[in-house]
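Under UniProt numbering, think of the first position of the sequence shown as 1, with each following residue one higher.
The beta-carbon is built from N, C-alpha and C at its ideal position, and this holds for glycine as well.
Here the structure is a predicted model, which means the values were calculated and not measured.
As structure tokens, the structure follows; a few thoughts come after it.
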Amino acid sequence: YGAAYILKEMLTVKSDDLIGRTTIFKNIVNGIPHVESGIPESFQILIQEIQALCFDIKFI
1 YGAAYILKEM LTVKSDDLIG RTTIFKNIVN GIPHVESGIP ESFQILIQEI
51 QALCFDIKFI
């Protein structure tokens, strides 16, 4: 029930992932097939908004 879509979302680089987008561009130009994705900017904003409500969010 949507597990494939969730897995695809977790494994792909998002357009608002600034570091991942730059890394992928450099890898494509240099012919390196390795892809690393970081944390999307929208997720970082969500975490900051939750922390503004005094919830302690930590990454494992």
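**Message:** Below 8 Å, how does it come out for the region 3–12 and the region 21–33: are there three or more Cβ pairs, yes or no?
**Reply:** no
**Prompt:** Exposed or buried, residue 17, counting other C-beta atoms within 10 Å across all chains shown (16 or more means buried)?
**Reply:** Within the sequence shown, the letter at position 17 stands for residue 17. The residue in question, residue 17, is buried, as its Cβ has 16 or more Cβ neighbours within 10 Å.
**Item:** Minimum length 3: unbroken beta strand (DSSP E) runs contained in the UniProt domain "RNA polymerase Rpb2" (1–59)
**Value:** none
**Request:** Under the assumption that residue 50 contacts residue 57 (Cβ atoms under 8 Å), give the Cβ distance between them as a whole number of angstroms.
**Result:** The count along the sequence shown starts at 1 and reaches residue 50 at position 50. The count along the sequence shown starts at 1 and reaches residue 57 at position 57. Sure, about 5 Å apart at Cβ, within 8 Å.
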